[in-house]
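> Sequential numbering from 1 applies to the sequence shown in the numbering used here.
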Amino acid sequence: MLRGKHIILGITGSIAAYKAAYLTRLLIKKGAEVQIVITPSGKEFITPVTLSALTGKPVVSEFFTANTGEWHSHVDLGLWADAMIIAPATASTIAKMATGVADNMLITTYLSAKAPVFVAPAMDLDMYKHPSTQNNLKTLQSYGNYIIEPASGFLASGLEGKGRMEEPENIVAYLENFFTKEQKFAGKKVMITAGPTYEKIDPVRFIGNNSTGKMGYAIAEEFASQGAEVTLISGPVNISCSSNIKRIDVVSAKEMCRVSQEEFSNTDIAIMCAAVADYAPKEYSSTKIKRTGDLTIELVPNPDIAATLGKLKKENQILAGFALETNDEEANAQSKLDKKNLDYIVLNSLADKGACFGYDTNKVTIIGKSGEKESYPLKSKGEVAKDIVEYTYKLLK
Ligand code: C5P
1 MLRGKHIILG ITGSIAAYKA AYLTRLLIKK GAEVQIVITP SGKEFITPVT
51 LSALTGKPVV SEFFTANTGE WHSHVDLGLW ADAMIIAPAT ASTIAKMATG
101 VADNMLITTY LSAKAPVFVA PAMDLDMYKH PSTQNNLKTL QSYGNYIIEP
151 ASGFLASGLE GKGRMEEPEN IVAYLENFFT KEQKFAGKKV MITAGPTYEK
201 IDPVRFIGNN STGKMGYAIA EEFASQGAEV TLISGPVNIS CSSNIKRIDV
251 VSAKEMCRVS QEEFSNTDIA IMCAAVADYA PKEYSSTKIK RTGDLTIELV
301 PNPDIAATLG KLKKENQILA GFALETNDEE ANAQSKLDKK NLDYIVLNSL
351 ADKGACFGYD TNKVTIIGKS GEKESYPLKS KGEVAKDIVE YTYKLLK
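(1) Does the beta carbon of GLY321 fall short of 8 Å from some heavy atom of the ligand C5P?
(2) Could you name the residues of the same chain whose beta carbon sits closer than 7 Å to that of ALA98, not counting the 5 residues immediately before and after it, in chain order?
(3) For ILE171 and PHE118, what's the separation of their Cα atoms in angstroms?
(4) Taking DSSP as the reference, what is the three-state secondary structure of MET97?
(5) Quick one: is ALA228 buried, meaning 16 or more other Cβ sit within 10 Å of its Cβ, or exposed?
(6) Report yes or no: do three or more beta-carbon pairs, one from the segment 211-227 and one from the segment 283-298, lie closer than 8 Å?
(7) Just the C-alpha distance for ASP202 and ALA280, rounded to the nearest angstrom, thanks.
(8) Only counting the same chain, and skipping five residues up and downstream in sequence, which positions put a Cβ closer than 6 Å to that of ASP387?
(9) On the criterion of 16 or more Cβ atoms from any shown chain inside 10 Å, does GLU44 qualify as buried, or is it exposed?
(10) Can you find the residues in the same chain that come closer than 6 Å, C-beta to C-beta, to VAL75, ignoring five residues on each side of it along the sequence?
(11) From which residue to which residue does the beta strand (DSSP E) around ASN348 run?
(12) Could you check where the alpha helix (DSSP H) with SER112 kicks off and where it finishes?
(13) Mark ARG164 as exposed unless 16 or more other C-beta atoms lie within 10 angstroms of its C-beta, in which case mark it buried.
(14) Hey, is the segment 184-201 in contact with the segment 50-60, meaning 3+ C-beta pairs nearer than 8 Å?
(15) Is it buried or exposed, PRO150, if we count other Cβ atoms within 10 angstroms and call 16 or more buried?
(16) Shortest alpha-carbon distance to LEU378 belongs to which of ASP360, LEU106, THR197, LEU395?
(17) Using DSSP's beta-bridge definition, name the partner residues of PRO196.
(18) Apart from the five residues just before and just after ASP402, which ones in its own chain have a Cβ nearer than 7 Å to its Cβ?
(19) May I ask you to report which of helix, strand or coil DSSP gives LYS369?
(20) Return the Cβ separation of ALA270 and PRO196 in integer angstroms, given the expectation that the two are a contact with Cβ distance under 8 Å.
(21) Report back the beta-carbon spacing between MET1 and GLU176 to the nearest angstrom; my notes put them in contact at under 8 Å.
(22) Work out the CA separation of TRP80 and MET191 for me, nearest whole Å.
(23) Should VAL276 be listed as close to the ligand C5P, given that the test is whether its C-beta is under 8 Å from any heavy atom?
(24) Please say whether CYS257 and PHE322 have beta carbons closer to each other than 9 Å?
(25) Is THR193 near the ligand C5P, in the sense that its beta carbon is under 8 Å from a heavy atom of that ligand?
(26) Quick one: give me the first and last residue of the beta strand (DSSP E) that PHE118 is part of.
(27) Could you check what DSSP says for ASP249 in three-state terms: helix, strand or coil?
(28) Mark THR267 as exposed unless 16 or more other C-beta atoms lie within 10 angstroms of its C-beta, in which case mark it buried.
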């Protein structure tokens, strides 16, 4: 997938620059043509001689070659590229990219590049966590750049935490994955609710349900792999998601509702996949309830998150939900679609073997706003996610 691809590798002044030599080697082995652009401080960490020996091309760093006056065109370079990777990307370079401080060849090339840009940050854990760095990374994402999140582990400072540049093999895998998938949802913001909600009765007990979150997580992964910026609002589950998905953990329906409303105004597509508890205890007991004969717990309805968003929905937003039914499936699903003002609803039935809770497979029918139906056979949840994402893409078009 990387064969013949023109790749600009931007290297900045981080100790992780030593990994850039290996990254260059891997890209070349995959058949890519690599042009290195290095910042002045990058050269303090790795010599251009090593890098140009690997790429077979002079490393670009200055706007001019001092003795000949030859000008290096960042504009031509920017147009030549099929992808630009900045690895390692320091906090300083990330800030300059976010604000357009074009005081070196790497940033001018970045500003001229029309190709997708991938940023692999590398810095100390506190620098990475700092709101300034985090805001700059969010800004880059909003420009459509892809952030290859740093890994956690031993850092050059001697501390341990998140900030290690992702390993070269994983950066190459990320790029290969990018080029194999069509980035249909680039620039689109997708929000997904997933998993169950837990409604606390006392410090040790709650009302919950059997949802594992597998379906919602599979949808989140599929959207992300097709270029969407995904926010996953997750109830308590035992699964993890890719680092390019923004996961917000919640526990109760009220919490999920609050976060969903906050995120929704900045969302193009919202898929409500969570199995939200319909009721919560009216009173929470701050001490463990003792066994004393019969116990009645008064329950009050939780907010309907999908219906709440349905009321807020604007013309250009897509809102979809799920219906898990046991009987009168289609009629029930259709009535939920209308009541919650959804654009489509994904119906799955507990009557179908291998579908719904806990299984790795699911069997769904998607019902559209005007009652049109598409039924799919029993498939893995990953494949069902692809169908749902494709259906959404058709609506978007
Ligand atoms: O009404 P019912 O719970 O069957 O509707 C299911 C759909 O509504 C799902 O998409 C689910 O995520 C959503 N829902 C919600 N908030 C609730 C209940 C359901 O968002 N309180």
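Glycine included, every Cβ here is placed at the ideal spot set by N, Cα and C.
Well, looking at it:
(1) yes
(2) ASN136, THR139, LEU140
(3) 9 Å
(4) helix
(5) buried
(6) no
(7) 12 Å
(8) TYR376
(9) exposed
(10) SER112
(11) 344-349
(12) 105-112
(13) buried
(14) no
(15) buried
(16) ASP360
(17) ALA275
(18) Residue 402 lies beyond the range of the chain shown here (1 to 397); nothing can be said about it.
(19) coil
(20) At roughly 18 Å, the Cβ-Cβ gap does not stay under 8 Å, so ALA270 and PRO196 are not in contact.
(21) 5 Å
(22) 35 Å
(23) yes
(24) no
(25) yes
(26) 117-121
(27) strand
(28) buried
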